[in-house]
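This report refers to the structure that appears directly beneath it.
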């Protein structure tokens, strides 16, 4: 085995010397080696006469069976077990096969039945002779041992070794037998090299075609790495990604792993002095990975659900409006001022449903004219877009665009900053439509006196800036003004706020890594909760469904539910408005959208 494996390593170095491939590619292509080794499939294609392949296949199974019996079940060869032990049937099969096929092949070469036999070398004969004698002496030794002849057993064993050792040392690694191992190995390495070469050849050119050559002028100043939130909990470097790609090493394991650990918070893009859009580079590398079937395990289920259900949470379409509770929300009509697009996380996550219901009641109180499409809606595609699943995103984009334009939507109101960002920046055919986040609407309604938060809430809060509301869309003050408008509520800022806010780890697919206890995103959300606790606040408020999901999960893991609670601005605003009106709106409000008129 030492000679065999050393030759295998030499073959690996020879074939893969100029190619670097990720470990995942070797694992994925392992089936090529197993299939060709077990079936000798490629050898079968060398001749139209399949009888030769059948003989070789039977010979391979016999040899492998014999080796398995010796290596795995060796102890049954060392004791006086019954001659009909359960392993015996395999041993008899292997013996019969090896003897029959070697004799048949020997006879075929003697008679020169095939053209190829006319040019036999000594090594061709030696292989058959040694294989036959190894089997024969093994049988004789077994018979002598069962007969109880110690000296005969010893003599036949020595003869057996004298034949088997040259067979194993010479023929297996260097002779005819070796092709059974080397051919599948060569096919396996060639398959890996081919796919790795394709990725390597197109990486940089594909990225340049998508995002331009800007990333090639990175000065390696390290600003992006210094501001990246992930660096607070682990070693991570956006600069490293750019350097590797610029050197055309984008398929290396370090780069592939790095791009999947990015949460697309855009701290790097905001701070880059050269204006490099690093997130676009990350998305492109992810897309290249996906095009070659390299998909993180945590994203396979949500991708599949996006294709089947139009949402990433594996929930059927007809449950899209269950989050509304008892509210009789109307179907969107062209005369409605707003089309309310519900984030999938708001629709299906229990903690986020409360925030969505609070928003509905506030819009009703203010007399806002709005409707929704319910189960006709598809996910905005943020997860697919930021993860590089371009085909899935394109399909969702087309379906949503066609629906919105067909139904006469003019203004999209979103519950999630991720949906806001998608419709504003990633949907090319919706540029003429207005799109805003619900905090912008609530802030405006308060300023115009349409909503009056007069009820006091004696509590302290801190506000967590969602990356996609803040850094991506520059909305920092509207949520704060909502909180500051509530009497009695005191806002304590965390040290890392606004442009310097620490990401919760939910963007770019991080919310699904959470389900697999992904190290970085869990530590990142926990870090944010610890910072919130340091302010002395009783509540942490945020205006993003992913942030609510991640922060609640971090609170559970840290065991601080008794110290801190997560709220959406709409929940606190509704509580204040209800207290001011002396009415429990959550239970008693009756919806009547037929008379709604909006002048906002």
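In the working numbering, the protein residues as written are 45 to 644.
All C-beta atoms, glycine included, are put in the ideal place defined by N, C-alpha and C.
1. Nearest to residue 79 by CA position, among 417, 229, 589, is which residue?
2. Nearest-angstrom Cα distance between residue 148 and residue 194?
3. Rounding to the nearest angstrom, what Cα-Cα distance links residue 332 and residue 387 in this structure?
4. Closer than 6 Å by C-beta to residue 364: which residues in its own chain qualify, once you throw out the five before and the five after it? Chain order, please.
5. Check whether the Cβ atoms of residue 546 and residue 571 sit closer than 8 Å, and answer yes or no.
6. If the criterion is Cβ atoms closer than 8 Å, does the pair residue 549 and residue 569 meet it?
7. Note down, in chain order, each residue of its chain lying with its Cβ closer than 7 Å to the Cβ of residue 203, except the 5 sequence neighbours on either side.
8. Comparing C-alpha positions only, which one of 432, 377, 485 sits nearest to residue 453?
9. Taking 8 Å as the cut-off, does the segment 478-493 touch the segment 422-442 (at least 3 CB pairs, one atom from each stretch)?
10. Give the C-beta separation of residue 368 and residue 403 to the nearest angstrom, bearing in mind that I take them to be a contact with Cβ-Cβ under 8 Å.
11. Is the Cβ-Cβ distance between residue 586 and residue 510 less than 8 Å?
12. Where do the ends of the alpha helix (DSSP H) carrying residue 477 lie?
13. Following the continuous beta strand (DSSP E) through residue 506, name the residue where it begins and the one where it ends.
14. If you follow the beta strand (DSSP E) that residue 38 is part of, which residue opens it and which one closes it?
15. Use the C-beta contact count for residue 515: other C-beta atoms within 10 angstroms, 16 or more gives buried, fewer gives exposed.
16. Work out the CA separation of residue 529 and residue 500 for me, nearest whole Å.
17. Please report the distance separating the alpha-carbon of residue 396 from that of residue 69.
18. Could you please give me the residues that DSSP links to residue 390 through a beta bridge?
19. Rounded to whole angstroms, what is the Cα-Cα separation between residue 534 and residue 345?
20. Where residue 382 and residue 415 are concerned, what is the direct C-alpha to C-alpha distance, given to the nearest angstrom?
21. Would you kindly report the start and end of the unbroken beta strand (DSSP E) that includes residue 385?
22. DSSP three-state label for residue 376, please.
23. Please report the distance separating the alpha-carbon of residue 556 from that of residue 227.
24. Under 8 Å: do the segment 268-278 and the segment 305-314 share three or more Cβ pairs, one atom per stretch?
25. Looking at the secondary structure, which residues open and close the alpha helix (DSSP H) in which residue 198 lies?
26. Can you check whether the CB of residue 505 is closer than 8 Å to the CB of residue 485?
27. As a quick exercise: from 425, 595, 588, pick the residue whose alpha carbon is nearest that of residue 576.
28. In terms of alpha-carbon separation, which member of 439, 265, 463, 210 lies closest to residue 350?
29. What does DSSP give as the partner residues of residue 584 in its beta bridges?
30. Answer with buried or exposed for residue 198, where buried requires no fewer than 16 other C-beta atoms within 10 angstroms of its C-beta.
31. By how many angstroms is the C-alpha of residue 347 removed from the C-alpha of residue 358?
32. Within this structure, are the beta carbons of residue 329 and residue 286 separated by less than 8 Å?
33. List the whole-angstrom C-beta distance separating residue 469 from residue 443, where the pair is believed to meet the contact cut-off of C-beta under 8 Å.
34. Between the alpha carbons of residue 476 and residue 407, how many angstroms are there, rounded?
35. Please report how far the alpha carbon of residue 57 lies from the alpha carbon of residue 573, in whole angstroms.
36. Per DSSP, what kind of secondary structure is residue 77 in: helix, strand or coil?
According to the data block:
1. 229
2. 33 Å
3. 27 Å
4. 391, 418, 419
5. yes
6. yes
7. 181
8. 377
9. no
10. The pair is not a contact, with the Cβ atoms about 10 Å apart (cut-off 8 Å).
11. yes
12. Here residue 477 belongs to no alpha helix (DSSP H), and DSSP marks it neither H nor E.
13. 503-507
14. This structure leaves residue 38 out entirely; the chain is present only between 45 and 644.
15. buried
16. 10 Å
17. 39 Å
18. According to DSSP, residue 390 bridges with nothing at all.
19. 42 Å
20. 7 Å
21. 382-385
22. coil
23. 41 Å
24. yes
25. 194-210
26. no
27. 595
28. 439
29. 506, 610
30. exposed
31. 9 Å
32. no
33. 18 Å between Cβ atoms; not a contact.
34. 24 Å
35. 50 Å
36. helix
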